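See structure below.
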């Protein structure tokens, strides 16, 4: 799946190059619209390994279970830059880089105890992507394809809370940072043409993270399960500030 996605993205870039050259040759549109952006994002993932570890603790009577006993959705800010954008009368193509912050926390009460165990998952990543689309009118444009690669930075903070005081803390990180891919689409609403736009995106992440390890080399998961087998769906809204030249 990852190899196929990489081939698709490469093909889209190659297909777009003749259109860019043709537009420049005949003077259509403008080349070089770039800028910065920031927004907020929700990421619906499935970290099956840690969720199974928590579920086993509930089943064995160590924790009191509730509706919020599983990791399901991280949220946080996304910041980035449109490194290059070619915009013409019938199409556009953008190369962008970004950093995504995702955070989700869970607290589990211990049975027959006033203590709680907490888990804080930080699923952050660097990304490099490309989008390709066309205008639907003067105001709205369609991102037909929005795809790229991300380099993850995952940490899991684990500890025990007694009377609101942390009495035991541990931190797990990726044993080996993972490279994964995403593919999606979206809409761009031009508020002030070439200067301010609102962007709405939906993406599916093809992500696989094997395991996490603490500073002493202890693995978080000691079975055959993976920490994350599916990257899940990400939805984001961002404000673009263009710098035309």
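Residue numbers (my numbering): 7 to 251.
For each residue, glycine too, the CB sits at the ideal point set by N, CA and C.
These figures come from a predicted structure and were not determined experimentally.
Residue from 84, 215, 40 whose Cα sits closest to the Cα of residue 227: Working through the chain shown from its first residue, we reach residue 227 at position 221. The residue with the shortest Cα to Cα distance from residue 227 is 215.
Where the alpha helix (DSSP H) through residue 65 begins and ends: Start at 1 with the first residue of the chain shown, and residue 65 comes out as number 59. Where residue 65 is concerned, the enclosing alpha helix (DSSP H) stretches over 54–65.
Given 8 Å, three or more beta-carbon pairs between the segment 147–157 and the segment 196–216: yes
Local Cβ density within 10 Å of residue 117, reported as buried at 16 or more and exposed below that: Within the chain shown, numbered from 1, the residue matching residue 117 stands at position 111. When all chains shown are included, residue 117 counts as exposed.
Identified DSSP bridge partners for residue 40: Translated into the one-based positions of the chain shown, residue 40 becomes position 34. The partner list for residue 40 (beta bridge, DSSP) reads 249.
Minimum C-alpha distance to residue 192 - residue among 181, 127, 204, 185: Taking the first residue of the chain shown as position 1, residue 192 is located at position 186. Minimum Cα distance to residue 192 is reached at 204.
Residue 38 classed as buried or exposed, judged by whether at least 16 other C-beta atoms fall within 10 angstroms: In the chain shown, the residue the question calls residue 38 occupies position 32. Caution applies to residue 38, whose pLDDT of 45 falls short of 50 and renders its modelled position unreliable; the model cannot decide the point.
Cβ neighbours of residue 167 in the same chain (closer than 8 Å, five flanking residues each side left out): Against the chain shown, residue 167 aligns to sequence position 161. Excluding sequence neighbours, residue 167 sits near 113, 121, 122, 123, 124, 173.
When 41, 187, 46, 54 are compared against residue 230, the one with the closest alpha-carbon: Counting from 1 along the chain shown, the entry for residue 230 is found at position 224. Measuring from the Cα of residue 230, the nearest candidate turns out to be 54.
Backbone CA spacing between residue 238 and residue 42 [nearest angstrom]: The residue given as residue 238 occupies position 232 in the chain shown. The residue given as residue 42 occupies position 36 in the chain shown. If you take the alpha carbons of residue 238 and residue 42, they lie about 26 Å apart.
Spatial distance of residue 85 from residue 119 (CA atoms): To locate residue 85, count along the chain shown from 1; it is residue 79. To locate residue 119, count along the chain shown from 1; it is residue 113. About 42 Å.
Cβ pair count under 8 Å reaching 3, the segment 92–101 against the segment 131–145: By the criterion of at least three beta-carbon pairs nearer than 8 Å, the segment 92–101 is in contact with the segment 131–145.
Beta-carbon gap between residue 131 and residue 158 smaller than 8 Å: Sequence index remark: in the chain shown, residue 131 carries index 125 (1-based). Sequence index remark: in the chain shown, residue 158 carries index 152 (1-based). Between residue 131 and residue 158, the C-beta spacing is below 8 Å.
Host beta strand (DSSP E) of residue 148 (start-end): Walking along the chain shown from the start, residue 148 turns up at place 142. Run containing residue 148: 146–168, per the beta strand (DSSP E) assignment.
Residue 29 versus residue 91: straight-line alpha-carbon distance, rounded: Here residue 29 refers to the residue found at position 23 of the chain shown. Here residue 91 refers to the residue found at position 85 of the chain shown. At residue 29, the pLDDT of 37 sits below 50, so the modelled position is not reliable; the number obtained from the coordinates is stated separately. Going by the C-alpha atoms only, they are around 13 Å apart.
Residue 208, enclosing beta strand (DSSP E) - first and last residue: Walking along the chain shown from the start, residue 208 turns up at place 202. Residue range 202–212 is occupied by the beta strand (DSSP E) that includes residue 208.
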